[in-house]
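Take a look at the structure below.
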Amino acid sequence: MDGPDADDYSTAMSTHKHPAPRFIVLAIAPLLASCGVKYDMVSFEAAGIMPAATTAVPRIEIDTNVTAGMMGGDVRSHKPYDIQIYYKDDTFTFASAEFTTVKVTYADGTVDPGIAALRLPMRFEHKVHEAPNSMAGGVVVVTKSRIILAEFPGTIYRDEAFTLLIEGRFTKDDGSVIPFIIREKFDVSREKRAESWVDFVSGC
Numbered sequence: 052m053d054g055p056d057a058d059d060y061s062t063a064m065s066t067h068k069h070p071a072p073r074f075i076v077l078a079i080a081p082l083l084a085s086c087g088v089k090y091d092m093v094s095f096e097a098a099g100i101m102p103a104a105t106t107a108v109p110r111i112e113i114d115t116n117v118t119a120g121m122m123g124g125d126v127r128s129h130k131p132y133d134i135q136i137y138y139k140d141d142t143f144t145f146a147s148a149e150f151t152t153v154k155v156t157y158a159d160g161t162v163d164p165g166i167a168a169l170r171l172p173m174r175f176e177h178k179v180h181e182a183p184n185s186m187a188g189g190v191v192v193v194t195k196s197r198i199i200l201a202e203f204p205g206t207i208y209r210d211e212a213f214t215l216l217i218e219g220r221f222t223k224d225d226g227s228v229i230p231f232i233i234r235e236k237f238d239v240s241r242e243k244r245a246e247s248w249v250d251f252v253s254g255c
């Protein structure tokens, strides 16, 4: 597996932004000491360690669509959740990825109905990703790679553990095809608590 660097992944996949510049939030924090922030968030993590892949395999993330209220309020996840898929290609040979099967199965055997809305097969073309890195002497070196991003929105409707099955294939520039199968279990956890707005800001 040609896994992504953490910085590349967060740049490519990040969807959450703080609602205001930090210095503005800090300036008004004393006025909001009595305000509270309530957390009601769900997260999914892969259970166990996947065996080492001998061919190219995408990376999977579950986006629970977290939003944060302004000046106190709720920080919460919003169903349905999305499946996001990522592959970084440093060889500049992968042109696209096609997905033929996406299936979310819960412990009771139920298949999530959100999958039915997908119009499979779905193909996603590569994009060129640039990652600037500051070097000694103020020199900036730009590292380029190909990135294939895929998203399947509204495919997880329950706050429960599930098994994800994904089948598809990569197509290289020369027309050769590399099939892949992902079968992975995801566990669920929930964060439900409250804290003051000042504590929330100090953690930004």
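In the numbering used here, the protein residues as written are 52 to 255. Virtual Cβ for every residue (Gly too), placed ideally from N, Cα, C.
Around the C-beta of residue i, are 16 or more other C-beta atoms found within 10 angstroms, so that it is buried, or is it exposed?
i	result
F143	exposed
T206	buried
G256	No answer is possible for residue 256: the residues shown for the chain start at 52 and end at 255.
L134	Strictly speaking, residue 134 in this sequence is Ile, with Leu absent from that position. With 16 or more other Cβ atoms within 10 Å, it is buried.
Using only CA atoms, which one of the options lies nearest to residue i?
i	options	result
M173	R220, T161, R197	R220
D114	Y208, T105, G87, T156	Y208
S227	I136, V88, F145	F145
For residue i, which residues from the same chain have a beta carbon less than 6 Å from its beta carbon, with the 5 sequence-adjacent residues on both sides left out?
i	result
Y138	P109, I199
E235	A97, L215
For residue i and residue j, I'd like the C-alpha separation in whole angstroms.
i	j	result
D224	V162	35 Å
Y90	P131	18 Å
H180	G188	24 Å
I229	E218	11 Å
D210	D238	10 Å
E112	N184	25 Å
A168	F203	10 Å
A245	H129	18 Å
K243	T106	40 Å
R241	F213	15 Å
F231	V155	17 Å
M92	V117	7 Å
V190	I136	33 Å
G87	I233	41 Å
V192	G160	50 Å
Going along the chain, which residues of its own chain have a beta-carbon closer than 8 Å to the beta-carbon of residue i, five neighbours each way excluded?
i	result
S147	R174, F175, E176, H177, I199, F221, T222
If you run the structure through DSSP and keep just helix, strand and coil, what is residue i?
i	result
A326	A query on residue 326 cannot be resolved here, the shown segment of the chain reaching from 52 to 255 and no further.
G189	helix
P131	coil
R244	strand
S65	Legend: pLDDT at S65 = 47, less than 50; position of this residue unreliable, value from coordinates given subsequently. It is coil, neither helix nor strand.
Sorted by chain position, which residues of the same chain lie with C-beta nearer than 7 Å to residue i's C-beta, five sequence neighbours on each side aside?
i	result
F150	L171, P172, M173, A201, I217, G219
T194	A182, N184
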